[in-house]
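*Asks:* FYI, the numbering for the sequence shown is 1 to 218, going by the UniProt record's numbering.
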Amino acid sequence: MKKSIVTLFTITTLVVSLTSCKNKAKEADTKEAEAVAQTEATAEKYTANVSESTIEWKGFKPTGTHFGTISLENGVLNLQDGKINSGTFLIDMNSITVLDMPEDDENHAKLTGHLKSDDFFHVEKHPSAAFEITGLSEVEGKTMLSGNLTLKETKNNVTFPVTVTNTDGAVTLTSETFTIDRSKWNVKYGSKSFFDDLGDKFINDDIELKITVKATKS
Numbered sequence: 001m002k003k004s005i006v007t008l009f010t011i012t013t014l015v016v017s018l019t020s021c022k023n024k025a026k027e028a029d030t031k032e033a034e035a036v037a038q039t040e041a042t043a044e045k046y047t048a049n050v051s052e053s054t055i056e057w058k059g060f061k062p063t064g065t066h067f068g069t070i071s072l073e074n075g076v077l078n079l080q081d082g083k084i085n086s087g088t089f090l091i092d093m094n095s096i097t098v099l100d101m102p103e104d105d106e107n108h109a110k111l112t113g114h115l116k117s118d119d120f121f122h123v124e125k126h127p128s129a130a131f132e133i134t135g136l137s138e139v140e141g142k143t144m145l146s147g148n149l150t151l152k153e154t155k156n157n158v159t160f161p162v163t164v165t166n167t168d169g170a171v172t173l174t175s176e177t178f179t180i181d182r183s184k185w186n187v188k189y190g191s192k193s194f195f196d197d198l199g200d201k202f203i204n205d206d207i208e209l210k211i212t213v214k215a216t217k218s
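(1) I want to know whether the stretch 196-213 touches the stretch 48-59 - three or more CB-CB distances under 8 Å.
(2) Reducing DSSP to helix, strand and coil, say where Asn94 ends up.
(3) Using three-state DSSP, classify Val50 as helix, strand or coil.
(4) By a C-beta neighbour count over all protein chains shown, 10 Å radius and 16 as the cutoff for buried, is Leu79 buried or exposed?
(5) What residues match up with Ser193 in a beta bridge as DSSP calls it?
(6) Can you tell me whether Thr134 is helix, strand or coil according to DSSP?
(7) Would you identify the three-state DSSP class for Thr112, choosing helix, strand or coil?
(8) Taking the beta strand (DSSP E) that Ile211 falls in, what are its first and last residues?
(9) How many angstroms separate the CA atom of Lys110 from the CA atom of Ala43?
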């Protein structure tokens with residue numbers, strides 16, 4: 001009987017893990033940092049509205065998922081002939097929130113604190129992350145945004161699909177949902193990329209993200 005229970009638990013954990021992996025978005029193309037796009041002298045500057053801009057995140061482990069948001073600290077988009085040609089953003093890592101459990105649940109505070117600790121993003125030492133645009137391109141009918149993402153003093157270039165609208169002096173940039181591999185930014189806790197004795201206690205390296213930036217002409 002005990003063996004059957006263990007077997008059932010193992011199968012259930014495997015099914016949850018495989019289902020989570022199947023539902024995850026495609027990983028952003030990730031490579032070494034590149035030269036930042038230069039702002040043209042005639043470019044129009046748009047300042048991010050931080051109260052209307054957000055980064056949605058989701059993390060995965062064999063027993064389920066956690067999700068929440070992160071806010072921008074500030075940001076600028078520069079447009080040339082109505083199209084984005086450069087821009088920079090600071091991400092407020094202290095703003096990490098957890099939305100999959102009530103705030104009065106003691107696990108809410110534990111998870112939020114853990115994400116901010118040196119196990120994960122060490123926000124006391126690294127209160128801001130940064131994203132600097134290196135270019136935009138058209139690939140198979142999609143607009144692809146590339147930029148250098150800096151987390152915990154590690155910088156990589158990532159490319160992911162976005163939609164950009166420009167109406168009446170307001171620009172909205174919205175990404176498709178994509179993932180990044182946290183191990184490439186040395187976020188090591190519970191990662192099988194760094195530890196081989198975790199059993200089923202690991203946390204997936206993939207972090208799912210969706211970015212929305214709203215900016216108005218300065």
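By construction, the Cβ of each residue, glycine as well, lies at the ideal position given by its N, Cα and C atoms.
*Replies:* So, from the listed chains and residues:
(1) yes
(2) strand
(3) helix
(4) Label assigned to Leu79: buried.
(5) For Ser193, which the question treats as bridged, DSSP gives no partner whatsoever.
(6) strand
(7) helix
(8) Asp206 to Lys217
(9) Here the C-alpha atom of Lys110 lies approximately 45 Å from the C-alpha atom of Ala43.
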